[in-house]
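No gaps in the numbering here: position 167 of the sequence shown is 193 in the working numbering, and each next residue is one more. Idealized CB from N, CA, C, for every residue including glycine.
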Amino acid sequence: MSVKVIVDSASDINIADAKEMGVTVVPLKTYFGDEEYLDGVTLDANGFYEKLAIFGEKPRTSQISPYDFSLVFKEELNKGNEVICIDLSKLLSGCYQSACIAKQDLESESIYPVDSKSASVGEIIMVQLALKLAEEGKTGKEISDILNSKADDLKVVILLESLDYLTSGGRINASAAQTNLNGVRPIVSIEDGKVVMKGKARGIKSGYELLNQIVEECGGIDFNLPFALGYSGLSDKMVIKYREEYKNLFNTNNAKDVKYFQMGCTIGSHLGPNAVAVAFFAKNNN
């Protein structure tokens, strides 16, 4: 019996990467006005940011239904596979609950929904860990148990251009919007399933330095486990520059060893463009 890894599109794993990794991505829906798009299918990340730049209204997203999950689960069960389903934090979306309902409806003990307690590039490194464990021959239950135990150590620290998108979406309280001063960049984290305000810095250089400091304060990167960078927007220039300038943080002399991913529709709706993120499993659970 093989283990199949399934993940929601809030992970921002694009079609090409999903094929290479051998995972199935189930799309959420994104809405610009009355127009509906399937995240990563009928609207890719670049198309999303192009619309974000010209559209007057903030986009909204909707969770995956239990029925949509059940269709994907049933296909894998019919192949004789166990299913690991890694989902966006249940405090940010109802995707995990939908996956649990689909499991109940199918009355299967071979489906293991996992609350990543994270989003986007955080989900990606959890998927990478799941695939590694599957390659080692672990069962679905063993993988699920390990992922659930490591979810508390999973951190995503993000340097933003502003808090506009997070405050308008209700992810950060209104008082935090006072950080939105000219030239001041806020830093937030996704930890324990929720978005937390961590600090602010004036200018991009100070922002990077504070980002690195907060990564260490969160426990530092466990280099025995997957880690990665993320960026939002159409250009990856900021994340490439950050990766090169601070490669020592990532325990390497070759910056290209550090993988990065574009954060797309679901998380981009809340972060906006020009964000840089570090996703990692902390050495210590702080």
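> What are the boundary residues of the beta strand (DSSP E) that Pro355 is part of?
Replying inline: This structure cannot settle anything about residue 355, because the visible part of the chain is limited to 27 through 312.
> If you pair each beta-carbon of the segment 54-71 with each one of the segment 81-93, do three or more pairs fall below 8 Å?
Replying inline: yes
> Where are the beta strand (DSSP E) runs, 3 residues long or more, that stay fully inside the segment 54-136, in chain order?
Replying inline: 55-58, 61-64, 86-88 and 108-113
> Cα separation between Ile137 and Glu101?
Replying inline: 12 Å
>> Check for me: the beta strand (DSSP E) holding Leu255 runs from which residue to which?
In response: Ala254 to Ser258
> For Asn312, which of helix, strand or coil comes out of DSSP?
Replying inline: The predicted position of Asn312 is uncertain, since its pLDDT is 46 and thus under 50; no value can be drawn from it.
> For Ile216, which residues does DSSP report across the bridge?
Replying inline: Val182 and Val221
> Secondary structure at Ile39, three-state DSSP: helix, strand or coil?
Replying inline: coil
> Can at least three beta-carbon pairs, one atom from the segment 134-150 and one from the segment 261-279, be found at a separation below 8 Å?
Replying inline: No contact exists between the segment 134-150 and the segment 261-279.
>> In this structure, how does DSSP classify Asp190 when only helix, strand and coil are distinguished?
In response: helix
>> Give me, in chain order, the residues of the same chain whose beta-carbon lies closer than 7 Å to that of Asp113; leave out the 5 immediate sequence neighbours on both sides.
In response: Asp34, Cys121, Tyr122, Ala125, Pro139, Val140, Asp141 and Ser142
> How should Ser175 be labelled, buried or exposed, when 16 other C-beta atoms within 10 angstroms of its C-beta is the threshold for buried?
Replying inline: exposed
> Looking at C-alpha atoms only, which residue of Ala254, Glu162, Pro252 and Glu149 is the closest neighbour of Gly219?
Replying inline: Glu149
> What did DSSP end up calling Thr205 once you bin it into helix, strand or coil?
Replying inline: Low confidence applies here, because Thr205 scores a pLDDT of 49, under 50, leaving its location unreliable and the question unanswered by this model.
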